[in-house]
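Chains as they are written, first to last, in this note's numbering: chain U, 1 to 413; chain E, 1001 to 1413. Even for Gly, the Cβ is constructed at its ideal location relative to N, Cα and C.
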């Protein structure tokens, strides 16, 4: 193997056990909440016909799609997001899917993007969507499920910033000109979470608005309250148990993407800082555009990496540094059967147990447990064998206890 | 979207909710057992430098690796198996990994193979391995963990067919000729699970052995008992709780791959039929060959698809046809808050609950629950609201019960 070989490809990541455990924990917790809301799991292939993906995300994005020609001369491409494959699913399996299709999907996507801090070429997307309903109830469900997913992970402060794309469009349309369409205005307004109002006005002016008009546009947004549609959605979310304080109307919230048609929102975790950890909204025309079946939709995409980072930073994850709770040591060759029996009994009781896979000095076995941060070691020597006992060593304190096997099992059950 | 677009790429699969749920269930159960044995999760990227993968699996296999040139002119390739990337991990993170590294890995791999029944171009591999130990204890652990993974899924008959590659080599070496090396003999012997002894003898003769010699080779294997190494491994597995009857010495078991150096085994599920559901063994030289670090290893790869199929066929999976246990119906606009509240309370109690996402005729809502096979529907009408009750309808019997909200929650908790 040459040296080049022994590298992870640029922009890609290995997840060693400690990090992978954290990711698995977050995935498990949020999946539980998704299922509690009736969302069903879906998996689509990593590879699709390139023609399915290209031209769906805009010209700039097309350059980021990993595509190539396979040995059968097919143009194929790696998953770029989960929405386009799901649009294919909705078209391809019409009649097989329920009228209201709630699905969650947690898979990796691929983007040939410039690698930079926090941006990778393979990363996990985590989406929930309700297809088939135009009711505000579906919007409320998406908000509530997003809120409770973060709640389940232990976040104390969760803010869902909300707006209505219809209101935004209606308010901004009078300010459009021949040169500046409403989506261009929205894209600039969208920067208000990172830029000051003065900077945003300057950008609007640069785009061709008179300064007066630019300022008036912002004032118009600021003084317009939530739409009846948004009020109904918020009321629904509260009735579903979402804390009223977590539902924050933000008249400037724009969301970059063109395809939203109603409620839009972003998830903020104020304990962890400013930028959003996910976002979504209603997109009633997109599935038709993508897959040719007219299915209204509302959903959210969670930033999985950011969610894991935030949970780690805030100490919300279990502190296990090791999968195993107990290392069963091996005293010597003659006492092997006793160690094996104890390991078998602990596992029977579903206790995560590692058997030291060698006959070695006890000191070395303790050192191994220490390095791997396995919290307890069990020792069975001749004396213990005769007394039908085991020694349990707490690696954090060094304390040792004599216990019967059943006492040991009970202690960890 | 043209018609071509709306197809799943040939050789690839969509997993709609019912199938995905089954797969998730199997993955969850076996992962639990892996962790109970102290195996730690690992994830490697889908893409690697092509030079890492090519030349590692043999010339024939190289043709099956999906490889292409990315926009940065790098030659890259899709994951072909989990062993080569793990060899990279062992080399790249030397010193960061524990001396005895137990890892499990469940990820998809890609092979540009001819699609045929039961063979796909993307499929899930599921591996456990112990790196760093030459002790028979590690072999016993792999056997026991394999056994208990299938046990946990509910399989009643589990057979681990065992042999020792060393014994096989020693027994067959005297029969090699200038034309037939020992691996060629092993490849033919390996067919004894599907071919008769007469057919295998014929193939050996075709390869250049005298008929007498070919027959003697088989007799030699048949009359040689398990090696001391294999006996120790079997004793260890029994001490770890494996049923003695499940450990079957098979002197003809060969395993196709060249790299095994000690114990080899295959997992059979006799209730489901003849072919193996997984297999593995000891391969003490492979990691050095692949990654340049001398690490002994023993492990097993489960056939994930076959395991899921077998579990489905034998009725071992939960019968839920729907994720949701309860559909909370919506009586009318004015009673919406009651329905939302009930849905919220059920979910608070971790009961999987779907809210009907529209105001619609009750009949339609029942029909929806029926089609989706949601077993229960909750109805809250004016009368129930006043009496602080709900109606629970059992969709399988049509029976209806009046309950308080707390009785409802209790019933499903």
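Task: Cross-chain neighbours of residue 1355 (chain E) in chain U, by beta carbon under 7 Å - done: Sequence index remark: in the second chain, residue 1355 (chain E) carries index 355 (1-based). Result: 137, 141.
TODO: Determine which residues of the stretch 1284 to 1309 of chain E have a Cβ less than 8 Å from any Cβ of chain U, and write them out in chain order.
DONE: 1290, 1291, 1292
Task: Nearest-angstrom Cα separation, counted from residue 111 (chain U) out to residue 1159 (chain E) - done: Here residue 1159 (chain E) corresponds to residue number 159 of the second chain, with the count starting at 1. Here residue 111 (chain U) corresponds to residue number 111 of the first chain, with the count starting at 1. If I take the Cα positions, the gap works out to 44 Å.
Task: Where residue 1289 (chain E) falls, given that 16 or more other Cβ within 10 Å makes a residue buried - done: What you label residue 1289 (chain E) is simply residue 289 of the second chain in a count that begins at 1. It is exposed - the Cβ of residue 1289 (chain E) has fewer than 16 other Cβ atoms within 10 Å.
Open item on the list: Which runs of the beta strand (DSSP E) at least 3 residues long sit entirely within the stretch 1327 to 1396 of chain E? Give them in chain order.
Closed with: 1353 to 1355, 1376 to 1379, 1389 to 1394
Task: Limits of the unbroken alpha helix (DSSP H) element including residue 1236 (chain E) - done: Along the second chain, read from residue 1 onward, the residue named residue 1236 (chain E) stands at position 236. Element bounds for residue 1236 (chain E): 1228 to 1239.
Task: Residues bridged to residue 1402 (chain E) (per DSSP) - done: Locating residue 1402 (chain E) in the second chain gives position 402, counting from the first residue. In DSSP, residue 1402 (chain E) forms a bridge with E:1391.
- [ ] Would you please verify whether the beta carbon of residue 1004 (chain E) is less than 8 Å from any beta carbon of chain U?
- [x] Your numbering for residue 1004 (chain E) matches position 4 in the second chain. Note on residue 1004 (chain E): pLDDT 46, under 50, position unreliable in the model; the coordinate value appears next. By this cut-off, residue 1004 (chain E) is an interface position.
Task: chain E contact residues for residue 344 (chain U), given Cβ-Cβ distances below 8 Å - done: Your numbering for residue 344 (chain U) matches position 344 in the first chain. Near residue 344 (chain U) (Cβ distances below 8 Å), the residues of chain E are 1144, 1239, 1240, 1241.
- [ ] Give me whichever residues DSSP pairs with residue 183 (chain U) in a beta bridge.
- [x] Position 183 of the first chain, counted from the first residue, corresponds to residue 183 (chain U). In the DSSP output, where bridge partners are listed per residue, residue 183 (chain U) has none listed.
- [ ] Please state if the CB of residue 1353 (chain E) and the CB of residue 1328 (chain E) are separated by a distance shorter than 8 Å.
- [x] For this step, residue 1328 (chain E) is matched to residue 328 along the second chain. For this step, residue 1353 (chain E) is matched to residue 353 along the second chain. Cβ distance < 8 Å, so residue 1328 (chain E) and residue 1353 (chain E) count as in contact.
Open item on the list: According to DSSP, simplified to helix, strand and coil, what is residue 1092 (chain E)?
Closed with: Locating residue 1092 (chain E) in the second chain gives position 92, where the first residue counts as 1. Here residue 1092 (chain E) sits in helix by DSSP.
TODO: For residue 1371 (chain E), decide whether its Cβ has a neighbour in chain U, counting only Cβ atoms nearer than 8 Å.
DONE: Position 371 of the second chain, counting from 1, holds the residue named residue 1371 (chain E). Cβ-Cβ to chain U under 8 Å: yes for residue 1371 (chain E).
- [ ] Please say whether residue 335 (chain U) and residue 381 (chain U) have beta carbons closer to each other than 8 Å?
- [x] Here residue 381 (chain U) refers to the residue found at position 381 when the first chain is read from its first residue. Here residue 335 (chain U) refers to the residue found at position 335 when the first chain is read from its first residue. In contact: residue 381 (chain U) and residue 335 (chain U) (Cβ atoms closer than 8 Å).
- [ ] Starting from the C-beta of residue 1137 (chain E), find all residues in its chain whose C-beta is less than 8 Å away, skip the five residues before and the five after it, and write them out in chain order.
- [x] In the second chain, the residue the question calls residue 1137 (chain E) occupies position 137. If we look at residue 1137 (chain E) and ignore the five residues flanking it on each side, its Cβ neighbours are 1236.
Open item on the list: For residue 1004 (chain E) and residue 163 (chain U), what's the separation of their Cα atoms in angstroms?
Closed with: Here residue 1004 (chain E) refers to the residue found at position 4 of the second chain. Here residue 163 (chain U) refers to the residue found at position 163 of the first chain. Note that residue 1004 (chain E) has pLDDT 46, beneath the 50 cutoff, so the model's placement of it is unreliable and the number below is only indicative. The straight-line gap from Cα to Cα measures roughly 38 Å.
Open item on the list: Using a 10 Å radius around the Cβ and a threshold of 16 neighbouring Cβ atoms, would you call residue 11 (chain U) buried or exposed?
Closed with: As a first step, residue 11 (chain U) must be located in the first chain, where it is residue number 11. So residue 11 (chain U) ends up on the buried side.
Task: residue 1270 (chain E), buried or exposed, once every other Cβ within 10 Å from all chains shown has been counted against 16 - done: Translated into the one-based positions of the second chain, residue 1270 (chain E) becomes position 270. Counting Cβ neighbours within 10 Å, residue 1270 (chain E) comes out exposed, since fewer than 16 surround it.
TODO: Please report how far the alpha carbon of residue 9 (chain U) lies from the alpha carbon of residue 134 (chain U), in whole angstroms.
DONE: Counting from 1 along the first chain, the entry for residue 9 (chain U) is found at position 9. Counting from 1 along the first chain, the entry for residue 134 (chain U) is found at position 134. Computed Cα separation, rounded: 44 Å.
Open item on the list: Looking at chain E, is there any beta carbon in it that lies within less than 8 Å of the beta carbon of residue 12 (chain U)?
Closed with: As a first step, residue 12 (chain U) must be located in the first chain, where it is residue number 12. At least one chain E Cβ lies under 8 Å of residue 12 (chain U).
Open item on the list: Which runs of the beta strand (DSSP E) at least 3 residues long sit entirely within the stretch 1074 to 1125 of chain E? Give them in chain order.
Closed with: 1075 to 1078, 1101 to 1110
Task: Rounded separation between residue 1262 (chain E) and residue 1280 (chain E) - CA only - done: Here residue 1262 (chain E) corresponds to residue number 262 of the second chain, with the count starting at 1. Here residue 1280 (chain E) corresponds to residue number 280 of the second chain, with the count starting at 1. Cα to Cα, residue 1262 (chain E) sits roughly 10 Å from residue 1280 (chain E).
Open item on the list: Contact criterion: CB-CB distance below 8 Å. Does residue 1093 (chain E) meet it with respect to chain U?
Closed with: As a working mapping, residue 1093 (chain E) is identified with position 93 in the second chain. By this cut-off, residue 1093 (chain E) is an interface position.
Open item on the list: Give me, in chain order, the residues of the same chain whose beta-carbon lies closer than 8 Å to that of residue 1001 (chain E); leave out the 5 immediate sequence neighbours on both sides.
Closed with: Within the second chain, the letter at position 1 stands for residue 1001 (chain E). For residue 1001 (chain E), the predicted model reports a pLDDT of 44, less than 50, meaning its position is unreliable and no value from the coordinates is stated.
TODO: State the Cα-Cα distance for the pair residue 1035 (chain E) and residue 1028 (chain E), rounded to the nearest angstrom.
DONE: Locating residue 1035 (chain E) in the second chain gives position 35, counting from the first residue. Locating residue 1028 (chain E) in the second chain gives position 28, counting from the first residue. Between residue 1035 (chain E) and residue 1028 (chain E), the C-alpha separation is close to 11 Å.
Task: In DSSP terms, what residue 45 (chain U) is bridged to - done: Here residue 45 (chain U) is taken as the residue at index 45 of the first chain, counted from 1. Residue 45 (chain U) is not bridged to any residue.
Task: Three-state secondary structure (DSSP) of residue 1189 (chain E) - done: The sequence position of residue 1189 (chain E) within the second chain is 189, counting from 1. In this structure, residue 1189 (chain E) counts as helix in the three-state DSSP scheme.
Task: Any C-beta of chain E under 8 Å from that of residue 147 (chain U) - done: Numbered from 1 along the first chain, position 147 holds the residue referred to as residue 147 (chain U). Residue 147 (chain U) does not count as touching chain E.
TODO: Could you name the residues of the same chain whose beta carbon sits closer than 7 Å to that of residue 68 (chain U), not counting the 5 residues immediately before and after it, in chain order?
DONE: Position 68 of the first chain, counted from the first residue, corresponds to residue 68 (chain U). Hits under 7 Å: 76.
Task: chain E residues whose Cβ lies nearer than 9 Å to that of residue 350 (chain U) - done: Position 350 of the first chain, counted from the start, is the residue given in the question as residue 350 (chain U). Those within 9 Å of residue 350 (chain U) in chain E are 1032, 1036.
TODO: Compile a chain-ordered list of the residues in the stretch 221 to 238 of chain U whose CB is closer than 7 Å to at least one CB of chain E.
DONE: 236
- [ ] Could you tell me whether any Cβ in chain E is nearer than 8 Å to the Cβ of residue 407 (chain U)?
- [x] Residue numbering aside, residue 407 (chain U) sits at position 407 when the first chain is read from its first letter. Output row for residue 407 (chain U): interface = no.
Task: Cα-Cα separation, residue 345 (chain U) to residue 323 (chain U) - done: Residue 345 (chain U) sits at position 345 when you count from the first residue of the first chain. Residue 323 (chain U) sits at position 323 when you count from the first residue of the first chain. Roughly 18 Å between the two C-alpha positions.
Open item on the list: Looking at residue 1370 (chain E): is its Cβ nearer than 8 Å to the Cβ of residue 1395 (chain E)?
Closed with: The count along the second chain starts at 1 and reaches residue 1370 (chain E) at position 370. The count along the second chain starts at 1 and reaches residue 1395 (chain E) at position 395. Yes; because the gap between Cβ atoms is below 8 Å, this pair is in contact.
Task: Contacts of residue 1359 (chain E) in chain U (Cβ-Cβ under 9 Å) - done: Reading the second chain from its first residue, position 359 is the one you call residue 1359 (chain E). Result: 135, 137.
- [ ] Check residue 1004 (chain E) in the structure and name its three-state DSSP category.
- [x] Within the second chain, residue 1004 (chain E) is the residue found at index 4, counting from 1. Bear in mind that the predicted position of residue 1004 (chain E) carries a pLDDT of just 46, short of 50, making it unreliable; the figure below should be weighed with that in mind. Reduced to three states, the DSSP call for residue 1004 (chain E) is helix.
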